Amino acid sequence: MTSLWPRIEPLLAQVTKPARYIGGELGASQPVHAPGRVAWLLLYPDTYEIGLPNQGLQILYEILNERPDAVAERAYAPWTDMEAAMRSASVPLFSLESSLSAGEFDVLAFNLSAELTYTNVLNMVDLAGVPVRGADRDASHPLVVAGGHCAFNPEPLADFVDAFVLGDGEEAVGDLTEVIGSWRATGGERHDLLRALASVPGCYVPSCYEPTYAHGRLTGVTPRVSGVPERVEKRTIADLGEWPYPKQQLVPLIEVVHDRLNVEVFRGCTRGCRFCQAGMITRPVRERPAAQVDQMVRDGLDRTGYDEVTLTSLSSADFSGIGDVVSSVINDPECSGQVSVSLPSLRVDAFTVGLAAEIQKVRRTGLTFAPEGGTWRMRQVINKLISEEDLYAAVDAAFSQGWRRVKLYFLIGLPTETDDDVLGITRLAGACAEIGRRYHHNVTVTASVGGFVPKAHTPFQWFGQNTMEELRRKVGLLKEAARGTRGLTLRWHDPEATAVEGLVSRGDRRMGAVIEHVWRQGGTFQEWSEHFDLALWRSGLEAAGLDFADGVYRHRDQHEVLAWDHVSAGLHRDFLWQDFQEALAEHGLEDCRWTPCYDCGACTGLGVEHMVASAVPPAGGSQGTGQDLATGGAVPVRFLETAGVKTGSSGTRVS
Amino acid sequence: MRIRARYTKVGRVRWTSHRDVARMWERGLRRGRVPVSYTAGFTPRPQLSFGLALPTGCESIAEYLDIALDEPLSPADLAREVGPMLPGGVDVVAAGVLELGTNSLQEDVSSCLWEIHVPGVDLEDLDAAIERVLVADSLPITRERKGRDVVDDLRPSVLALSSAGSDVDGALLLAELGTRPRGVRPSELAQAMGVELGLARRTCQWIERDGSRWEPLMVDPAGTAVMWERAS
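Protein chains in written order, with our numbering: chain S, 4 to 658; chain C, 816 to 1047.
Below, the structure is given as structure tokens:
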């Protein structure tokens, strides 16, 4: 194992942002490779700035490096200029810590967070000097594994990835290390390793499964060998408190996205927003003990020198100890008024004047709310049960505490959406701007509008995505409406990229040929607008004999085989279908963390439970019920006839 | 009170930008619990003032910054607190208290000394190139600025130029480059001389005043700027 650094450094003068390739972060490990250690290279298939902050990768990096039988290094996708320089100098993909060739590692482990990065996965495997297709690899090649949210539909990458890990990786990486280590010690064939991996819980080995098709449709993905599960269940850690990672969050030398301390306050979410894949596949809710959060914040700030901390989760204002944690950091004399706290994914019903007042004491970071739907009807369909009054109260709280800019996230192209729902977005955002003008002369409300992409393991997984023409038309409606609205700025995502994301996210194994085609035509960095190329995807589909409209725009049938049916996030398919029907009937469903169980399957099937310290929603607000649950939370929502919330028939308690 | 610190930027960290170095210092000072003054207002910022930007990819053993403090602290203590908190290659080598009314580094520094490795030339060729520059009346280079090509004459900014021996794969160029009206980069000098640019290292910054030259940490000959030398 030799360092490639002398060959890498001369390339750096030729490329933009050369510090992407030097490592040297605070918290980076100094790996010691040894024959008894399984060498992992953890890869993120996007630029350093996007990939470095990824908490999942950092958690596994630490856990592996703490093990005596493993060592882990990192690599990110080289930007196109660096890739060209590397290829022309015959420099392979290398690790940041030791500058080792990626091909020398035992495992190449990818984090999959976005479908449009898939061509970068192939590119990085190729840059490592490893055959891109699993079938072409032998025992001398590294094992290619992948995890992360996108692994919940593994099929589009099934030809390229040897094994997928579903769900929480904290325990699974240890299991994989042991299996790989003992396989290596006995010197078996590659298929022996793949078979052994297929019996690790949460590990899906696609080469052990055979897809079948009829009339151009997938009819099943079934075991091709005996002894592997028909349906692979995800891994779930029961207690987040046992995994206080990352302890040594990486502090990069250059600016990256989310460049601040991140402390995960809970994992999982049961708000039940029907469009949200993250909320569905990470159940149940597991809170970190508040004292541990406090400790991690303090230690982290001390260690890193960051002046901003984000309390991360899918809905941080729902954390039981949120008020205490925020005010203890902000008012801590040690932080001497210089450390600010930010909360991502703020639910408007939980954002109170009190929280606003605390947060703004140091500096006002951007404030973003996500009503997602423009009308109450739409929000009932998607189960984002926040009332207009909630939103206006939250925005009022923000403006009254000195904010002048507020950002609102919305989706268009949702099931049952009418033009009136779409125009509700500008009405709502315009009304927010008007509230702001009561406090300030100049305010900006930005409405950021994304096209909805149905995702696997959600109630909307059967829904036919809006066509790009339809999304463009809806954006046009919004542009027209926004033109006359003072203080309102509109931003929208490219409907073409939205369509391709939809194509890949619900694709079956045949999508692999399309991804390979796009990569071979030079289509890397597809999530970057300057590189995204719809024509490549269209020609790839044509070459594979697949139809764009059939893959993206078609509503799936209730009993149709879905490409991800053989992997499980713990959710019953019946529950998802039922919830889809509730959505179409405009029925909302309240949060099962504080109210009855709907038997989605996550807790019962996985043998775990919600770990929530507070018996009622902590930050107050109506929590979508029209009532103040902070005081009246004992009353089950479905009895509140006047609340204006229709609850679904599945809202009956399962004891 | 204000303290001026001299530090290095050598090794891999040379590939980071001037802005990156500023953020390393901000975080390092916080980690070292140095009582840095913050600006008032809604977005408090630490009051740090950096000198001339060092081009990304260049090394330096003569970088400076001024740090405003809320509480008195000896330069030696400041260096001790912050030193271990900075990335490898960024070492504090000296620090001193600034007299009230000392000009900023940006205002004061008038020239920089550079040690530039020129790969692929022998000493004779380099000396010939140096001679051509020294006898020339002008040294035009074209650079792009705001999308337009601009021609600059570097000659007035080339204050001194000499060679300093050869090594296995090239020769060493010594250059003193002026900072006004703008700092000339080693890459621009190499371009104008028609030679390749290897590793460039800033070795000294000069302040020209009343016909004499000072280094930024010796602004007051009476000795209020106490030099602190690293123990190691």
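We treat Cβ as the ideally placed atom computed from N, Cα and C, and that holds for glycine.
Fair warning: this is a prediction, and the values are worked out from it, not measured in the lab.
Exercise for the section: Report the rounded CA-to-CA distance for G635/S versus K458/S, giving the unit in angstroms. Expected result: Note that G635/S has pLDDT 26, beneath the 50 cutoff, so the model's placement of it is unreliable and the number below is only indicative. Whole-angstrom Cα-Cα distance: 35 Å.
Handout entry: Distance CB(G515/S)-CB(D162/S) smaller than 8 Å
Key = yes
Practice task
Return no unless some Cβ of chain B is closer than 8 Å to the Cβ of P21/S.
Solution key: No chain B appears in the structure shown, which is made up of the protein chains S and C.
Exercise for the section: Find the nearest neighbour of P157/S within the set A605/S, H590/S, D568/S and G610/S, judged by alpha-carbon distance. Expected result: Each of A605/S, H590/S, D568/S and G610/S was checked against the Cα of P157/S, and the nearest Cα belongs to D568/S.
Handout entry: Residues of the region 883-908 of chain C with Cβ closer than 9 Å to any Cβ of chain S, in chain order
Key = M900, P902, G903 and G904
Exercise for the section: Anything in chain C within Cβ reach of T307/S, meaning under 8 Å, just list it in chain order. Expected result: The answer, in chain order, is R842 and R846.
Practice task
Could you check which residue in W246/S, A138/S and V203/S has the C-alpha nearest to that of V231/S?
Solution key: V203/S
Exercise for the section: Would you check if the region 832-850 of chain C and the region 42-49 of chain S touch, i.e. whether three or more CB-CB distances between them fall below 8 Å? Expected result: Short answer: they don't touch.
Handout entry: Alpha carbon of Q251/S to alpha carbon of T189/S, nearest angstrom
Key = 35 Å
Handout entry: Min CB distance L253/S to chain C below 8 Å
Key = no
Handout entry: Below-8 Å beta-carbon distance, I11/S vs any chain C residue
Key = no
Handout entry: Members of the region 324-349 of chain S that neighbour chain C once the beta carbon cut-off is set at 7 Å
Key = Flagged, chain order: Q341.
Problem - Which residues DSSP lists as bridging Y879/C, in chain order - result: R821/C
Exercise for the section: Check whether the Cβ atoms of Q468/S and G526/S sit closer than 8 Å, and answer yes or no. Expected result: For Q468/S and G526/S, no; Cβs fall outside 8 Å.
Handout entry: CA-to-CA distance, D511/S to Q529/S, given in whole angstroms
Key = If you take the alpha carbons of Q529/S and D511/S, they lie about 19 Å apart.
Practice task
For V74/S, verify whether its CB is less than 7 Å away from any heavy atom of the ligand PLP.
Solution key: Among the components of this structure there are no ligands whatsoever, and the ligand PLP is therefore not found.
Exercise for the section: Kindly say whether Y853/C, judged by its beta-carbon, lies nearer than 8 Å to any beta-carbon of chain S. Expected result: yes
Exercise for the section: Write down every uninterrupted run of the alpha helix (DSSP H) in the region 59-133 of chain S whose length is 4 residues or greater and which is fully enclosed by it, in chain order. Expected result: Runs of the alpha helix (DSSP H) spanning 4 or more residues and lying entirely within the region 59-133 of chain S occur at 83-91 and 121-130, in chain order.
Handout entry: Contact set for D335/S: own chain, Cβ-Cβ below 7 Å, skip 5 residues either direction
Key = none
Practice task
Quickly, what does DSSP pair C1019/C with across the bridge? List them, please.
Solution key: L928/C
Handout entry: Partner residues on chain S for W1021/C, Cβ-Cβ distance less than 9 Å
Key = The contacting residues do not exist; W1021/C stays about 27 Å from chain S at best.
Exercise for the section: Measure from the alpha carbon of S229/S to the alpha carbon of each residue in S210/S, E245/S and R220/S, then state which is nearest. Expected result: S210/S
Handout entry: Cβ neighbours of S571/S in the same chain (closer than 6 Å, five flanking residues each side left out)
Key = The residues are R234 and E236.
Exercise for the section: Give the DSSP-derived three-state secondary structure of K20/S in the structure shown. Expected result: coil
Problem - N-terminal and C-terminal residue of the alpha helix (DSSP H) that A894/C is part of - result: DSSP places A894/C inside the alpha helix (DSSP H), whose first and last residues are P890 to V897.
Exercise for the section: Indicate the three-state DSSP secondary structure (helix, strand or coil) for T222/S in the structure shown. Expected result: strand
Handout entry: Sheet register partners of R1028/C (DSSP bridge)
Key = Per DSSP, E1023/C.
Exercise for the section: Can you give me the start and stop residues for the beta strand (DSSP E) that V851/C sits inside? Expected result: Unbroken run through V851/C: none, as it is neither H nor E.
Exercise for the section: Quick one: grab the DSSP three-state call for A979/C. Expected result: strand
Handout entry: C-alpha distance - I956/C paired with L949/C, whole-angstrom precision
Key = The alpha-carbon atoms of I956/C and L949/C are separated by roughly 16 Å.
Practice task
Kindly indicate if chain C contains any beta-carbon less than 8 Å away from that of G303/S.
Solution key: By this cut-off, G303/S is not an interface position.
Practice task
At 7 Å on the CB atoms, spell out the chain S contacts of V828/C, in chain order.
Solution key: Close partners of V828/C in chain S (Cβ separation under 7 Å): G27 and L256.
Exercise for the section: Taking only beta-carbon positions, decide if D310/S is within less than 8 Å of chain C. Expected result: yes
Exercise for the section: Classify Y717/S as buried or exposed, calling it buried when 16 or more other Cβ atoms lie within 10 Å of its own Cβ. Expected result: Absent from the model: residue 717/S. The displayed extent of chain S is 4 to 658, so no value can be given.
Handout entry: Member of H575/S, V507/S and V409/S whose CA lies at the smallest distance from the CA of A552/S
Key = V507/S
Exercise for the section: Please check if any C-beta of chain C sits within less than 8 Å of the C-beta of L15/S. Expected result: Yes, L15/S lies at the interface with chain C (some Cβ there is under 8 Å from its Cβ).
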